[in-house]
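Chains as they are written, first to last, in our numbering: chain P, 14 to 277; chain Z, 168 to 434. Note that the Cβ used here is the ideal one computed from N, Cα and C, for glycine as well. If you're wondering where the values come from, they're calculated on a predicted model, not measured in any experiment.
And the structure:
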C-alpha cells in the first residue's frame with residue numbers, strides 16, 4: 014500500500030513543480046540568450062504600449078520584433094537583474110533615467126506622451142467625476158512603483174487630504190500593470206480606475222474616459238533607451254528611430270498617444 | 168548483459184540532472200539571502216500581512232478541499248460507473264490549466280459580468296477582489312491535487328477489508344470513517360500537503376480574479392511580485408520565507424505520515 018501511494022505522490026510532486034514553472038513563465042519573461050548575428054529586435058515595453066507597439070512591430074522592416082510587455086518597473090528590475098533586451102520603453106522618464114544613471118542603458122529619449130484619465134465601464138454611471146470617487150464606489154489603481162500608480166498618486170496628492178484619504182479607502186486592487194486595471198474595469202470588477210487615455214481608446218468601446226481637471230493632470234511622458242550590451246544594437250536603434258519619426262510615431266498617434274514635448 | 172553496464176549510470180545521470188535543475192533556483196534564493204535579510208523581510212508589516220493572509224486562506228481552502236474531496240474521492244475509488252474516466256479527467260483538468268486560464272474561468276463564471284454574476288449581485292454577494300475570491304481561486308487550483316491523491320489512496324486499499332467491515336455489520340458510513348480513512352491516511356495526508364503547497368504558491372489566478380490589495384487579497388506570491396520591481400532584496404527574503412514555510416509543511420506531513428498509526432496495520 015505504501016508503494017501504491019508513493020508513486021502518485023511522486024507524480025503529483027512533479028506536477029507541482031511543473032505548474033510552478035508555468036506560473037513563473039507568466040511573470041518572468043524568458044529571454045533567448047544573446048542572439049547575436051540574427052536580426053531579431055527584443056523590446057521590453059510598458060504594458061500601455063501594447064496596442065501601438067504591436068502594430069508598429071508587425072510593420073517594422075528592420076528585423077523581427079519580439080515584444081515583452083509588463084509594468085515598466087518590472088521590466089526595469091529585469092534589466093537590473095542582467096536581462097538584456099535591445100530596447101526599453103517605459104511609461105515614464107524616471108525609470109530609463111535611473112537605469113541610465115546606473116550605466117545600464119544609453120541616453121534615454123522622450124518619444125511620446127499620454128494622459129492619465131479616470132476610466133469607467135462604458136455602460137456604468139456609478140462614477141462621473143473625481144469627486145464621486147470619495148463616495149461609495151470601488152476603484153482599481155496601479156501598484157506603488159509602476160508608472161500608472163505613481164501618476165495616480167500625484168493626482169491624489171493634489172487633492173485635499175481628506176478627499177484623497179477616502180478615495181484610497183475605496184481602492185480594491187493595486188495592479189502590477191495598467192493591463193490589470195483595464196481587465197478589472199472591463200470585467201466590471203470595479204466601478205472605476207486610473208488608466209491612460211490610450212487604454213480607453215484601445216478597449217474597443219468597453220470603457221469611457223473621464224478627463225481630469227487641468228489642475229490635477231500629471232505630465233505623462235514616455236522614455237525609451239537602448240540597453241547597454243544589447244545583442245542587436247543596430248536593430249534597436251532603427252526601432253527607436255521609427256518611434257521618434259516614422260511608422261512607430263504613426264502607430265502611437267493612431268493609438269491615442271501624443272507627440273513628445275519639443276524640449277528633450 | 169553488456170547493456171546493463173551503461174544503463175545504471177544513465178539513470179544516475181538523469182536523477183542528478185533533475186536534482187540540480189530543481190534545486191538550483193531554491194539554493195540560489197538562500198545563497199542570495201542572508202539570515203539577516205530573511206528576518207528583515209519579516210519586519211516589514213506588509214510582508215507579515217501577506218504571510219498571514221496566505222496561511223489562513225490556504226488553510227481554509229485546504230479544509231474545504233479535504234471536507235468535500237475525501238468523500239468524493241472515496242466514491243470515485245469504490246464505484247465503477249459509466250463515464251467515470253470522463254469525470255476523473257474533468258476533475259483533474261485544473262492540474263494542467265495555466266493559472267491565467269483558471270483566473271479567466273473564475274471571472275467568466277463568478278465575475279460581475281460572468282455566468283452567475285447577476286445572480287450573485289442580486290443576492291448581494293460580491294466575490295471579486297475580496298478575500299473570498301482568494302479562497303475560491305486557491306481551492307480551484309489546489310483541489311485536483313488532493314482529489315487525485317485521495318482517489319488513488321482509496322483505490323489502493325484492500326477491498327476485502329471494506330467488505331469484511333460491511334460483513335461485520337458496519338454501514339458504509341462507518342466503514343468509510345473507521346476503516347477506509349484510517350487505512351488511506353498516509354495517502355490522504357500526502358495529498359493534503361501537495362494541495363496546500365500548491366495553494367500557497369498560487370499567483371496568476373489570484374491576481375486576475377482577486378486582484379492585489381494588502382491585507383485583503385495580496386498573498387505572499389503577489390507581494391513577492393510587487394517587491395520584485397521595487398526592492399529585489401525584500402522579494403528574495405520573502406521568497407525564502409515562502410520556501411521555508413512550504414518546505415516545513417511538506418516535511419511535517421512526511422514525518423506525520425511516518426508516525427501514522429496506519430503503518431501499524433498489516434499490509
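Within 10 angstroms of the Cβ of residue i, are there 16 or more other Cβ atoms? Answer buried if so, exposed if not.
{"i": "residue 256 (chain Z)", "result": "exposed"}
{"i": "residue 36 (chain P)", "result": "The predicted model places residue 36 (chain P) with a pLDDT of 33, which falls under 50 and marks its position as unreliable, so this point remains unresolved."}
{"i": "residue 316 (chain Z)", "result": "buried"}
{"i": "residue 187 (chain P)", "result": "buried"}
{"i": "residue 111 (chain Z)", "result": "The requested residue 111 (chain Z) does not occur in the structure, where chain Z is confined to residues 168 to 434."}
{"i": "residue 327 (chain Z)", "result": "exposed"}
{"i": "residue 163 (chain P)", "result": "buried"}
{"i": "residue 237 (chain P)", "result": "buried"}
{"i": "residue 183 (chain Z)", "result": "exposed"}
{"i": "residue 193 (chain Z)", "result": "exposed"}
{"i": "residue 214 (chain Z)", "result": "buried"}
Leaving out the 5 sequence neighbours to the left and right, which residues in its chain are closer than 6 Å to residue i when beta-carbon positions are compared?
{"i": "residue 257 (chain P)", "result": "124"}
{"i": "residue 417 (chain Z)", "result": "360"}
{"i": "residue 228 (chain P)", "result": "none"}
{"i": "residue 181 (chain Z)", "result": "none"}
{"i": "residue 420 (chain Z)", "result": "356, 360"}
{"i": "residue 265 (chain P)", "result": "65, 125"}
{"i": "residue 161 (chain P)", "result": "155, 191"}
{"i": "residue 413 (chain Z)", "result": "364, 367"}
{"i": "residue 371 (chain Z)", "result": "266, 267, 270"}
Residues in its own chain within less than 8 Å of residue i by CB, not counting five upstream and five downstream?
{"i": "residue 230 (chain P)", "result": "128, 129, 168"}
{"i": "residue 186 (chain Z)", "result": "none"}
{"i": "residue 271 (chain Z)", "result": "375"}
{"i": "residue 199 (chain Z)", "result": "403"}
{"i": "residue 189 (chain Z)", "result": "none"}
{"i": "residue 415 (chain Z)", "result": "none"}
To which residues of the same chain is residue i closer than 7 Å at the C-beta, ignoring the five residues directly before and after it?
{"i": "residue 282 (chain Z)", "result": "275, 276"}
{"i": "residue 273 (chain P)", "result": "123, 124, 125, 126, 234"}
{"i": "residue 270 (chain P)", "result": "65, 125, 126, 127, 211"}
{"i": "residue 189 (chain P)", "result": "84, 87, 156, 159"}
Looking at the ligand SAH, does it come within less than 7 Å of residue i, judged from the CB to the closest heavy atom?
{"i": "residue 413 (chain Z)", "result": "As presented, the structure is devoid of all ligands, the ligand SAH included, so that no description of it is given."}
Looking only at DSSP bridge pairs, what is residue i linked to?
{"i": "residue 333 (chain P)", "result": "With chain P covering 14 to 277 only, the question about residue 333 (chain P) has no answer from this structure."}
{"i": "residue 80 (chain P)", "result": "P:56"}
{"i": "residue 187 (chain P)", "result": "P:154"}
{"i": "residue 89 (chain P)", "result": "In DSSP, residue 89 (chain P) forms no bridge with anything."}
{"i": "residue 194 (chain Z)", "result": "In DSSP, residue 194 (chain Z) forms no bridge with anything."}
{"i": "residue 234 (chain P)", "result": "P:126"}
{"i": "residue 205 (chain P)", "result": "P:152"}
{"i": "residue 132 (chain P)", "result": "P:206, P:222"}
Looking at chain C, is there any beta carbon in it that lies within less than 8 Å of the beta carbon of residue i?
{"i": "residue 378 (chain Z)", "result": "The chain inventory of the structure shown lacks chain C, comprising the protein chains P and Z."}
(message) Using a Cβ-Cβ cutoff of 7 Å, what residues of the segment 269 to 299 of chain Z are near chain P? List them in chain order.
(response) Within the segment 269 to 299 of chain Z, the qualifying residues are 274, 278, 279, 280, 295, 296.
(message) Please list, in chain order, the residues of the segment 391 to 418 of chain Z that have any C-beta partner in chain P closer than 8 Å.
(response) Answer set for the segment 391 to 418 of chain Z: 392, 393, 395, 396, 397, 399.
(request) Output, in sequence order along the chain, the residues in the segment 177 to 198 of chain P whose CB is closer than 8 Å to any CB in chain Z. (result) Among the residues of the segment 177 to 198 of chain P, those with a Cβ less than 8 Å away from any Cβ of chain Z are 184, 185, 186, 187, 188, 189, 193, 196, 197, in the order of the chain.
(message) Does the segment 288 to 301 of chain Z come into contact with the segment 346 to 363 of chain Z, if we say contact requires no fewer than three beta-carbon pairs (one atom in each stretch) closer than 8 Å?
(response) The segment 288 to 301 of chain Z makes no contact with the segment 346 to 363 of chain Z; the number of CB pairs closer than 8 Å stays below 3.
(message) Quick check: the segment 136 to 154 of chain P against the segment 117 to 126 of chain P, are at least 3 beta-carbon pairs closer than 8 Å?
(response) Put simply, the segment 117 to 126 of chain P does not touch the segment 136 to 154 of chain P. Fewer than three CB pairs are less than 8 Å apart.
(request) Check each residue of the segment 144 to 163 of chain P: if its Cβ is closer than 8 Å to any Cβ of chain Z, include it; give the result in chain order. (result) Residues of the segment 144 to 163 of chain P that bring their beta carbon within less than 8 Å of a beta carbon in chain Z comprise 151, 153, 156, 157, 158, 159, in sequence order.
(message) Whether or not the segment 199 to 210 of chain P and the segment 242 to 250 of chain P are in contact is what I'm after, with contact meaning three or more pairs of Cβ atoms, one per stretch, closer than 8 Å; do they touch?
(response) In this structure the segment 242 to 250 of chain P does not touch the segment 199 to 210 of chain P; the number of beta carbon pairs closer than 8 Å is below three.
(request) Please name the residues in the segment 101 to 135 of chain P whose beta-carbon is closer than 8 Å to at least one beta-carbon of chain Z, in chain order. (result) Within the segment 101 to 135 of chain P, no residue has its Cβ closer than 8 Å to any Cβ of chain Z.
(request) Would you check if the segment 215 to 227 of chain Z and the segment 382 to 391 of chain Z touch, i.e. whether three or more CB-CB distances between them fall below 8 Å? (result) At 8 Å Cβ cutoff, the stretches touch.
(request) Report the residues of the segment 200 to 234 of chain P with a CB closer than 8 Å to any CB of chain Z, ordered along the chain. (result) From the segment 200 to 234 of chain P, only 200, 201, 202, 203 have a Cβ closer than 8 Å to chain Z.
(request) Report yes or no: do the segment 57 to 74 of chain P and the segment 83 to 97 of chain P share at least 3 C-beta pairs separated by less than 8 Å? (result) Counting Cβ pairs under 8 Å, three or more are found: they touch.
(message) Short of 8 Å Cβ to Cβ, which residues in the segment 79 to 95 of chain P face chain Z?
(response) If the cut-off is 8 Å between Cβ atoms, the segment 79 to 95 of chain P has 84, 86, 87, 89, 90, 93, 94 near chain Z.
(message) Would the segment 295 to 313 of chain Z count as touching the segment 232 to 239 of chain Z if we require 3 or more Cβ pairs under 8 Å?
(response) Because the criterion of three Cβ pairs below 8 Å is met, the segment 295 to 313 of chain Z and the segment 232 to 239 of chain Z touch.
(request) Taking 8 Å as the threshold, find out whether the segment 168 to 180 of chain P comes into contact with the segment 133 to 148 of chain P through three or more Cβ pairs. (result) They touch, by the three-pair rule.
(message) For the segment 199 to 213 of chain Z against the segment 399 to 414 of chain Z, do three or more pairs of beta-carbon atoms, one drawn from each stretch, fall closer than 8 Å, so that the two count as touching?
(response) The segment 199 to 213 of chain Z vs the segment 399 to 414 of chain Z: in contact.
(message) Would you call the segment 261 to 270 of chain Z in contact with the segment 339 to 353 of chain Z, where contact means no fewer than 3 C-beta pairs closer than 8 Å?
(response) Short answer: they don't touch.
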